[in-house]
Amino acid sequence: MLRNISQQIHEDGEAQEAIEASLAQTFADRKQRNLAALAQYYPQLLDHVHVGFSEDCLSVFCTKAAQPNLVDFASGRCWYGVDGETEITREVEAYLGNAFKINLHDDEVIAPPEALSQYGGTTFVDVRSWCEQRVSPGPLPHTVPLLICFGLGLGTYLDLFDRAHSIETYLVYEPSVDVFNTSLQTYDWAGFFERAIEQGRKVYLQIGNNAGSLDDDLKYIKSAHGIEEAFVYRHSCHPEMDACYQYLISRHYRWSDLIEGKVGLYPFHHPLDDVPPRSEDIYHLCRPSLNAEEQEKWREAKMRFFNNIQAFMQYYPNIAEAFYGYTPVAWHLFLDKEGCWNIYNSSRGVALYGCNTNETIDHEIEWFRKFPNKEDALLDNTGGKLWRYRHFYYVHQFRKMCQSEGGGLSSIPDYVPGLILLGMGLGYQLQSLSQLHSLQNIYICEPNHDFFYASLYVVDWDSILSSTDKNGGRCYLNLGDDGSHLSSDLVGQFSRIGVYNVVNAYIYQSYYHPVLQKAAFDLRNELKVLVSMGEYFEHAAYGLSHMQQVFTQGRTYLARRDIASRCIDGLNIPVIVLGNGPSLDEVMPFLKLNRERFILVSCGTALKPLYKSGIKPDFHAEVEQTYCTYKWISSIKDDDYLSDIVLLTINGVHPETAKLFGSVAMALKVGEGSTHAYEKSVCPESEFLSVEYSFPTVSNCALALLSHFGFKEIYLMGVDLGYITPGEHHSKLSDYYVETSEGRRLEVYDFAKAHGMIAVPGNFRDYVYSKHEFRISAQIIERLLSYSPHLQCFNCSDGARINGAIPMKASDIATPEVFDRQQWMSDFLQRGFHQPERSLGLFTGFNEYYDSMMFHADVKAFLSWLKRQDITSRKELELFSVKQREIFSQSLIRKRSLFFYFYWGSMSYITALIMKLGYLLDDEALCMEKVNQGIGLWIAYVEDTYQRYVIYPEKVESTNVVNPNW
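Residue numbers (this note's numbering): 70 to 1035.
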């Protein structure tokens, strides 16, 4: 189950604060008493107390039931339910009647059954057959010579055992130091130690120990205390600890094998075996025997499976074929003692759902329906340094309209345009939501094939698929992904219907798994980056104006589509891509020594540090439209230096930036309005190269261009996409720092505060700090490399890890021979690119192809149609959205108007915001008032931008930047 902290705290913030305050002093006092007790009885454990937080990131909080609980504050996942005390009590009581006993000597080995049996007609292993492979549990005797406890949790279960039985010796394993630290607040260790002294009880606390020393510990305890038997209790799950636990309770356990080191145990690190730290043991859930009721439910489940397979044959035949004869790998369906379908892991012996499955899921569904998780990536997009654009002015007006009504629905409406389901388990939540709401588009990410297969026996997929089809939507299924493609696949699906439509999608995560947690995090941040980079009127208009003006400069080389075959002889030369990361400073000596052996491509603000170091690159890459790029580059007051460099870029670069360099080598960027406009008129795709994966940073642009050109060997230096130390995020020679009178270099602004800090895996170290844009940049590079088998990429940067780029220190590079760079550059531009005369001809042909009068007519007709709209229902709102797309499509078909290219992005964005207004409140009539106001804003948007364009169609971007170094 998900067990998210937001579900467990009080909805009333003041009430929750009161609960926390009432227990805060209790926790503090208890911890002080416990620390004093540790100093007296177990001083060696004080070393663990002062370690601080480990990677587990655990903390104590109080639930709305005034119960202590543990939460991983990195993920929001809780260990226990709202009433943890009752949960622990129920578990211990169940164990008292079903305890596992092991002997600390060899007995006659009772061989387990030869084979696991399956439920008739299925490939699921019968849970009772699985249990027979383990030791038969029995009642816990009153006197227990040794209780081996795997996991500590809150620690309170120790008192429950003390009250009910006489435990002579405790051996407690707790791998996490954080868990022990938190238990100092939640459990009375002082009282426990005092009772142990009074009663002569032995206590062995193995903190920070994953039971790896189990054999030695048991040998010592047996020798020291003459103990011949022990009982085994598991309170929490852990990959290494569970391997020991499962061996001890299996029929393969043998004392002599354990102490002689003959047992090879393998931790459960496979993603399929990942389970929450608190998972229900199947011994507490399964029925002792198969009865008539269970047989009938299995018969119904098998019929449901065949019906679902037939439904998938109609809609998704590939899925039907893949799962018709599927055999589960790790998880198997069973009916628990309450008659609810559940699924258990056959390696670790725990179930996905706990007791009271239906009640728990109903509670989670109600909570989700009441507090839906809906993305606001569009409203969060303020434009940053582009905030003066008219587009962002109108987005701000929409934001004010939404905020004036409290920011969103108090519950999910009957009609749901999009639901993103991250993990479905057995599909209980999907079934409930599809019955309670009309779902149009469903996006399902389920990394576990076993779960999806089991859902075919539990969920009525036939009705879900037919319902979405009837609603004019689809069910998008991403099954079995290891997590590396979940967010990109979802973004791809949204791209097909418009990335901006994410504004009306609800996200629901049905269970916790690291893959899903990462996918949810990546999805939210990637969508925000993509939305911030999406097209809108100003971007499209500036892009086209810049492209036209750069062409007229007469120095633009446009890449040929077949550049790789034309330049094949010159593509073996190794290339170094230079970013402005902090590790750029470290490779300056290498660059100076080997300058004549590589093609150098500088990226963005890396040019200034290279200039200061006396290094001139062959190419300089830029990707932004803004005038800011001109300001950064023109701060280098050396025309001769710049004029010797070729600007490497995509269409849309600022014309003033282009003028600074000797010439421009350009390719078309896939997805840009200006690219589409040229390709549909005078730039046939068969002749001109268009590139993908050229965003969000200039390093992405450079690497995408070089890969599409066909280069085979690329080294990344200073492409850190992260930093080791806050405050040291770019080259110290760059203009991100200013030198004081004392000679110190200080940040121009607080980079970490402005952009946030997230820890990501490092290239040469465990982790570095990064920001969301850099994280997305690394992921886009990874995708590019996965689609570039011809390219070997080496990451020499001391920054973020980039999968697919081989880590390599610059000092380990086998330096190639010196080559004639000037001759190479001349050949490359002559063979691989259309010459500047061609781009001048494109400019002329473009202006002849498009008819400005048709553009003006399209805008006026569209405004006339918008002004006639009066939306009275959500159904009409859907039709309004469809009709707008038809109007734009018709303009595109007529070919001679730029209306589509200028306004398509804005239309998609603003329509998504208008749709948001349509579902902002429970009252549909009030929502429609807001919708019509939103359409009024959309009319004002079009009129405003159109009038400005008519006055000055050749206007260029003018966003400025100020830096104390200039």
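The beta carbon of each residue, even a glycine, is placed where N, CA and C say it ideally should be.
Apart from the five residues on each side of it in sequence, which residues of its chain come closer than 7 Å, Cβ to Cβ, to G639?
Stepping through the sequence shown from its first residue, residue 639 is reached at position 570. Answer for G639: W893, D896 and F897, listed in chain order.
Express the C-alpha separation of F969 and S960 in angstroms, rounding to a whole number.
Mapped onto the sequence shown, residue 960 falls at position 891. Mapped onto the sequence shown, residue 969 falls at position 900. Roughly 6 Å separates the two Cα atoms.
Cβ atoms of P397 and Y497: under 8 Å apart, would you say?
Position 428 of the sequence shown, counting from 1, holds the residue named residue 497. Position 328 of the sequence shown, counting from 1, holds the residue named residue 397. At a Cβ-Cβ threshold of 8 Å, Y497 and P397 do not count as neighbours.
According to DSSP, simplified to helix, strand and coil, what is N720?
The sequence position of residue 720 within the sequence shown is 651, counting from 1. Correct three-state label for N720: coil.
Are there three or more Cβ pairs, one per stretch, closer than 8 Å when the stretch 280-297 is compared with the stretch 133-143?
no
Let's test the definition: count the other Cβ atoms within 10 Å of the Cβ of H339 and tell me whether it reaches 16, buried, or not, exposed.
Here residue 339 refers to the residue found at position 270 when the sequence shown is read from its first residue. Residue environment analysis places H339 among the exposed positions, since fewer than 16 neighbouring C-beta atoms fall within 10 angstroms of its C-beta.
Go ahead and pull the three-state DSSP assignment for Q202.
What you label residue 202 is simply residue 133 of the sequence shown in a count that begins at 1. Assigned with DSSP and collapsed to three states, Q202 falls in coil, not helix or strand.
Enumerated in chain order, which unbroken segments of the alpha helix (DSSP H) with a length of 4 residues or greater are wholly contained in the stretch 654-733?
676-681, 697-703, 708-712 and 724-728, all fully within the stretch 654-733.
Is it buried or exposed for D927, if we count other Cβ within 10 angstroms and need 16 for buried?
Position 858 of the sequence shown holds residue 927. Its Cβ being crowded by 16 or more others within 10 Å, D927 is buried.
Just verifying my parser: in three-state terms, what is the DSSP assignment at A883?
Position 814 of the sequence shown, counted from the first residue, corresponds to residue 883. Correct three-state label for A883: coil.
Pop quiz: L253 and K100 are said to be a contact at Cβ under 8 Å. What is the actual Cβ separation, rounded to whole angstroms?
As a working note, residue 253 is residue 184 in the sequence shown. As a working note, residue 100 is residue 31 in the sequence shown. Confirmed, about 5 Å.
Would Y512 pass as a contact of L490 if the rule is Cβ separation under 8 Å?
Counting from 1 along the sequence shown, the entry for residue 512 is found at position 443. Counting from 1 along the sequence shown, the entry for residue 490 is found at position 421. Result yes, Cβ atoms of Y512 and L490 sit closer than 8 Å.
Rounded to whole angstroms, how far is the Cβ of L627 from the Cβ of S810, which I believe are closer than 8 Å?
Residue 627 sits at position 558 when you count from the first residue of the sequence shown. Residue 810 sits at position 741 when you count from the first residue of the sequence shown. With 8 Å as the limit, L627 and S810 do not qualify as a contact, their Cβ atoms being about 49 Å apart.
Looking at the structure shown, is F833 part of a helix, part of a strand, or coil, going by DSSP?
Residue mapping note: residue 833 aligns to position 764 of the sequence shown, counting from 1. Three-state DSSP puts F833 in coil, outside helix and strand.
Grab the span of the beta strand (DSSP E) containing Q379 for me, first residue to last.
Counting from 1 along the sequence shown, the entry for residue 379 is found at position 310. Unbroken run through Q379 is the alpha helix (DSSP H), A361 to Y384; no beta strand (DSSP E).
Is the beta carbon of L502 sitting closer than 8 Å to the one on L488?
For the purposes of this step, residue 502 is taken as the residue at position 433 of the sequence shown. For the purposes of this step, residue 488 is taken as the residue at position 419 of the sequence shown. Against a cut-off of 8 Å, the Cβ pair of L488 and L502 comes out as a contact.
Would the beta-carbon of F262 fall within 8 Å of that of A105?
On the sequence shown, position 193 is the one that residue 262 refers to. On the sequence shown, position 36 is the one that residue 105 refers to. The answer is no: Cβ separation not under 8 Å.
Which two residues bound the contiguous alpha helix (DSSP H) that contains M470?
In the sequence shown, residue 470 corresponds to position 401, counting from 1. Run containing M470: R459 to Q472, per the alpha helix (DSSP H) assignment.
Tell me the residue span of the beta strand (DSSP E) that contains K170.
Against the sequence shown, residue 170 aligns to sequence position 101. Per DSSP, K170 belongs to the beta strand (DSSP E) from F169 to N172.
Three Cβ pairs or more, each shorter than 8 Å: is that satisfied between the stretch 721-728 and the stretch 770-783?
no
Consult DSSP for I78 and reduce its assignment to one of helix, strand or coil.
As a first step, residue 78 must be located in the sequence shown, where it is residue number 9. In the three-state DSSP reduction, I78 falls in the coil class, being neither helix nor strand.
What residues are listed by DSSP as bridge partners for R629?
Numbered from 1 along the sequence shown, position 560 holds the residue referred to as residue 629. F757.
Who pairs with V341 in a beta bridge, going by DSSP?
Sequence index remark: in the sequence shown, residue 341 carries index 272 (1-based). Before going on, a small fix: residue 341 reads as Leu here, not Val. Looking at the DSSP output, L341 shares a beta bridge with no other residue.
Consult DSSP for V1019 and reduce its assignment to one of helix, strand or coil.
Your numbering for residue 1019 matches position 950 in the sequence shown. The answer is helix: DSSP assigns V1019 an H, G or I state.
Go through its chain and collect everything with a Cβ distance to E761's Cβ below 6 Å, but skip five positions before and after it.
Here residue 761 corresponds to residue number 692 of the sequence shown, with the count starting at 1. Closer than 6 Å at Cβ, skipping near neighbours: V739.
Are three or more beta carbon pairs between the stretch 935-945 and the stretch 1007-1014 nearer than 8 Å?
yes
Is there contact between the stretch 198-218 and the stretch 298-316, where contact requires at least three CB pairs shorter than 8 Å?
yes
With a 10 Å radius around its C-beta and 16 neighbouring C-beta atoms as the bar for buried, classify Y581 as buried or exposed.
Here the question's residue 581 lines up with position 512 in the sequence shown. By the 10 Å Cβ count, Y581 comes out buried.
Among Y462, L92, W324 and K706, whose alpha-carbon lies nearest the alpha-carbon of D286?
Stepping through the sequence shown from its first residue, residue 286 is reached at position 217. Residue W324 is the option with its Cα nearest to D286.
Taking the alpha-carbon positions, what's the Q861 to V644 distance?
The residue given as residue 861 occupies position 792 in the sequence shown. The residue given as residue 644 occupies position 575 in the sequence shown. Straight-line Cα distance between these residues: approximately 11 Å.
With C-beta atoms as the reference, is V140 less than 8 Å away from N250?
Taking the sequence shown and counting its residues from 1, the one referred to as residue 140 is at position 71. Taking the sequence shown and counting its residues from 1, the one referred to as residue 250 is at position 181. It is not a contact, given that the beta carbons lie outside the stated cut-off.
If I follow the unbroken beta strand (DSSP E) through S507, where does it start and stop?
Looking up residue 507 in the sequence shown gives position 438. Element bounds for S507: S507 to E515.
Of the residues Q848, A883, L853 and P858, which one's Cα is nearest the Cα of C865?
Taking the sequence shown and counting its residues from 1, one reaches residue 865 at position 796. C865 has its Cα closest to that of A883, out of Q848, A883, L853 and P858.
Round the Cβ separation of Y395 and L546 to the nearest angstrom and send it over; I've been treating them as touching at under 8 Å.
Position 326 of the sequence shown holds residue 395. Position 477 of the sequence shown holds residue 546. Wrong, their Cβ atoms sit about 14 Å apart, outside the cutoff.
Hey, is L495 close to the ligand COA, as in C-beta under 7 Å from one of its heavy atoms?
For the structure depicted, the ligand COA is absent and the ligand set is empty, with no information on it obtainable.
Measure the alpha-carbon distance for G333 versus C218 and round it to whole angstroms.
Position 264 of the sequence shown holds residue 333. Position 149 of the sequence shown holds residue 218. Looking at the two C-alpha atoms, the distance is approximately 21 Å.
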